[in-house]
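Q: Each residue of the sequence shown is one higher than the one before, counting from 96 in our numbering.
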Amino acid sequence: MIGAEATQANISRELAAASEAAEDALLVYFGGHGELDRHGPRTRLLLAASDDQFPNLLNWRDFDWLRGHLRHGAHPAKHRILFLDTCHSGEAMNQGVLGGDGGETWDEEDRTDLSTLFTACEKFEKAEVPADPGQGRYSKFVAALLDMLGNGIDGLQGTLTPEDLYDGMKSRIGGAQTPRLLCADGAGQSPLFKNRRGSGPAHESAGPSGRSTMPLPQGDMIGRDSEVGNLVRGARQAAGGEDPFIAVVHGRGGSGKSAIVLRAATELRVDFSEWRIYLNLHTWTPGQPKRSPEQLLEDLLVEVGHTRIEPDLAGRVSRWRRWLADHQALIVLDDVADTDQVELALPPAGSRCALLITSRNALGGISADRSVEAVPLNEADGIALLRRGTDEPLDESILVRLGGLVGWSPKAVDGLSRQLAHVRPDLLVQSIERSGSPVLEAVYRDALAQLGSNALHRTAIACGVHPGPDFDAGSIAAITDSDEALIADELHRLIQALPHYRFRLHDEDAALASVLAADSYGDDLRGVRARFFVWMAGRVHAAVREIWGEDATEAFAKETPGLEFTGPGEAVKWLNDASEEMISGTLAAISAAHPVAATLAAESGRCLVLLNRLDDAETVATRLNDLPNARGALTSSLSLGRVAFSREQWTTASKCFQDALRLSRTAGDHIAQADALLRLGDVARMLEQRSDVRRHYNAALDLARATGDRIAQTAALLRLGEIARMREQWGAAEGHYNAALDLARTTGACFAQADALLGLGLAGWANPRRRYEDARMQFLEARDLYRDLGLSRFVEFCQSFIAKC
């Protein structure tokens, strides 16, 4: 089913029929939109069918909806295989896929759930589809799958197993996204598909196979045999029961640390047949916050199948160590920041586990069995790697000169090797010597020079200057101080000219941005990014203004015209689409201590709570304390309080709002003071502290009236109306709601208008005088406003009362 045919009802009907009929194998492919829902104690994967309003997540279905159809059936198939081709599909691995109803182990005798799950990418990645029809019909994931099933795989036997497909998938997709495979015991090596290039008998099952999330190394390994051998020998001793093995592979960015440990992990596949777990901590990835020890332990426990995670650190440490003591596992932690981050995750004495860590730091605080430094290539290996890029008989002396200029850095040599396929080595040498810069700058400059257009050159550099990981034409236009329509066209042409260029400098090369920006714009990095910060602040403020209205607000948005939205629905859609860019831009503005940073962080944090991205909102709020002024601490307290309130952590929320109230009084910030009072009233209401509720709300209302802050007045009146309605004080409730409605209409606050109308409708419906017709009209108007905001559950709530009226 494709297009409009693939509604939720039709999908459910077809899957139910297929599940009933399948006796041996049931194979399901699901492709479409996927998104993460971070509301509540656990992150969930949400899927959209064709009848869902994108990107309104309130109508989307939890992954368990799809999984449930593969769990039930009159004749459960022996093999139940799901190919999940959506953005963030890796999150499905964390939802107890192989654990039955909340369990943590797979029951070999009870195949009532999935036996095999393939996902197109990791939980924080997007599944790529062609940007242009000329680039192919299928997504990267499907193209690789169809290639293997349609054409076969060389070097294998007459049938293909899920693990065969996974290995082939990794090599075909490359680095654009990270497919994942999860199998029940034995399913990973079950012969399921015919290999059209294979010969001989089908695979024999190698016995129970545990879970592996280990990616395959990319490309050939040159000059790292000693390092890999050290890791393999030590890990094999651990697999044999001689205590755990811990190794740290350290070195500068681009030195090949990940390649070394992944090559070792591949050689250890047989030794660790039970569990092979890979986790990338993304320490140096732009826009990614550093994982705390608590978050790391949660991620590891989820990776090994636990669905209920202890809230406290001690509980997580205890459970993780018990698991390590009971299993034979190979674990790779890639891109670790420091010793504190991973110290509590180390395997205990007596366990049969091997832990391989990569880091830019030597991590001297860890008692490692091996400490391996990823050093530059020796001359012979470097020359061999350079020759791999061309069939031409190149003179060795020029290659020695070329490699020496870059210090035989593995990443640099690999980049030069690829360039030798189309650039003469003497020209590369001249380019490097002329630039007087490290090789990576020379290589990057050479790649940009191939664009043949100053405009494309400028746009490509702007993509590198952008803090990442995502961007649109508007933000690049702000960086380049250019027309957005022109930049949109240039981005399209840039993708066509360099289809493999991902518009992001390597983590080690961020310093190049300042050099390249100065070349292109006659400006330094601070000035270039400042344009981006102001643009992002104006765009986020325009979204906030469209959704929540505007009254006494910051003036910076008025300096960036042309950023308005046509309505609240468009604003919510942009916030969904640009959320990653908003997060990274806000964090970059805080790091730069830009004047708009505090306001941008406050408003982006509010938007992130609306999108249920509470972890990200907390990260932004915490980083606000880095700002060298009291405004940062005040905004941080308010934002952290909102996050805690959304998580129903009432004590934490109360403390944050008390801190905000104290700081706002010291700073003389009446707007923030009123906000803190309102929030304290909300917490008191949840804790049923009735005397405090009205006191906080009335104090906020008095302060808002004294300062003329209509937004705060509206919020206080809505809350007082709700209290009066719950106490059946109908006249007072209607008075508060009507006053709030009038103010909300003057400020353009769509949310507040809808809430006021809903409150009036509920008060009229419950009033003993039964004012049903008035209530019906108010419910209708509120429903339409909620629909414009994309809040379908409120739309349904209003609709239910419309029917009752």
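For each residue, glycine too, the CB sits at the ideal point set by N, CA and C.
1. Would you report the Cα separation of Gly816 and Glu868, rounded to the nearest angstrom?
2. Can the beta-carbon of Leu179 be found less than 8 Å from the beta-carbon of Arg156?
3. Give the secondary structure of Leu581 by DSSP, where H, G and I count as helix, E and B as strand, and everything else as coil.
4. Should Ala449 and Pro310 be called a contact, given that it needs their Cβ atoms to be closer than 8 Å?
5. Where do the ends of the alpha helix (DSSP H) carrying Trp418 lie?
6. Thinking C-beta only, is Ala851 closer than 8 Å to Leu813?
7. Where do the ends of the beta strand (DSSP E) carrying Ala342 lie?
8. Can you tell which of Ala516, Val501, Phe367 has its C-alpha closest to the C-alpha of Ser526?
9. Looking at the structure shown, is Glu118 part of a helix, part of a strand, or coil, going by DSSP?
10. Give me the Cβ distance between Leu733 and Ala755, rounded to the nearest whole Å; I'm assuming they're in contact under 8 Å.
11. Any idea what DSSP makes of Ile426, helix, strand or coil?
12. Comparing alpha-carbon positions, which option in Ala748, Gly484, Glu220, Leu497 lies nearest Gln272?
13. State yes or no: is the beta carbon of Ser413 nearer than 8 Å to at least one beta carbon in chain C?
14. So what does DSSP say about Gly129, is it helix, strand or coil?
15. Can you find the residues in the same chain that come closer than 7 Å, C-beta to C-beta, to Val508, ignoring five residues on each side of it along the sequence?
16. Which of the three DSSP states is assigned to Ile527 in this structure?
17. Where does Ile766 fall in DSSP's three states?
18. Is the CB-CB distance between Leu836 and Cys893 below 8 Å?
19. May I ask which residues mark the beginning and end of the alpha helix (DSSP H) holding Arg785?
20. What residue range is occupied by the uninterrupted beta strand (DSSP E) comprising Asn375?
21. DSSP state of Val365, grouped into three classes?
22. So for Tyr47, helix, strand or coil by DSSP?
23. Measure the CB-CB distance between Ile461 and Val344 and report whether it falls below 8 Å.
24. Can you name the start and end residues of the beta strand (DSSP E) that His174 belongs to?
25. Would you report the Cα separation of Thr308 and Leu276, rounded to the nearest angstrom?
26. Would you identify the three-state DSSP class for Pro562, choosing helix, strand or coil?
27. Are at least three pairs of beta-carbons, each pair with one atom in the segment 396-416 and one in the segment 351-367, less than 8 Å apart?
28. Rounded to the nearest angstrom, what separates Ile355 and His587 at their Cα positions?
29. With Ala858 and Glu829 assumed to form a contact (beta carbons below 8 Å), what rounded beta-carbon distance in angstroms separates them?
30. Who are Ala449's beta bridge partners in DSSP?
31. Would you mind working out which of Pro406, Asp421, Pro286, Leu241 sits nearest Leu255, comparing C-alpha positions?
32. Between the Cα of Gly826 and those of Gln808, Ala801, Ala861, spot the shortest distance and give me the residue it belongs to.
33. Within its chain, find whatever has a CB closer than 6 Å to the CB of His689; leave out the 5 residues flanking it on each side and keep chain order.
34. Judging by CA-CA distance, which residue of Phe158, Arg175, Arg162 is the nearest neighbour of Cys182?
35. CA-CA distance, Ser457 and Leu240?
36. Quick one: grab the DSSP three-state call for Glu676.
A: The relevant details are as follows:
1. Note on geometry: alpha-carbon atoms of Gly816 and Glu868 lie some 20 Å from one another.
2. no
3. helix
4. For Ala449 and Pro310, no; Cβs fall outside 8 Å.
5. Residues 408-421.
6. With contacts defined by Cβ atoms closer than 8 Å, Leu813 and Ala851 form a contacting pair.
7. 340-345
8. When only C-alpha atoms are compared, the closest one is Val501.
9. Coil.
10. Going by Cβ atoms, the distance from Leu733 to Ala755 rounds to 5 Å, so yes, they are a contact pair.
11. strand
12. Glu220
13. The structure shown has no chain C; it contains just one protein chain.
14. strand
15. So the qualifying residues of the chain are Leu472, Gly477, Leu480, Leu481, Gly498, Val501.
16. If DSSP states are grouped into helix, strand and coil, Ile527 belongs with the helices.
17. helix
18. no
19. 785-802
20. 370-375
21. In the three-state reduction of the DSSP assignment, Val365 falls in the coil class.
22. Residue 47 falls outside the range modelled here, since the chain spans only 96 to 900, and no answer is possible.
23. no
24. 174-181
25. Here the alpha carbons of Leu276 and Thr308 stand approximately 6 Å from one another.
26. Three-state DSSP puts Pro562 in coil, outside helix and strand.
27. no
28. 36 Å
29. 6 Å
30. Phe340, Leu425
31. Of the candidates Pro406, Asp421, Pro286, Leu241, the one whose C-alpha sits nearest the C-alpha of Leu255 is Pro286.
32. Ala861
33. Phe628
34. Phe158
35. Here the sequence assigns Ala to residue 457, which means Ser is not the residue at that position. When rounded, the distance between both Cα atoms is 40 Å.
36. helix
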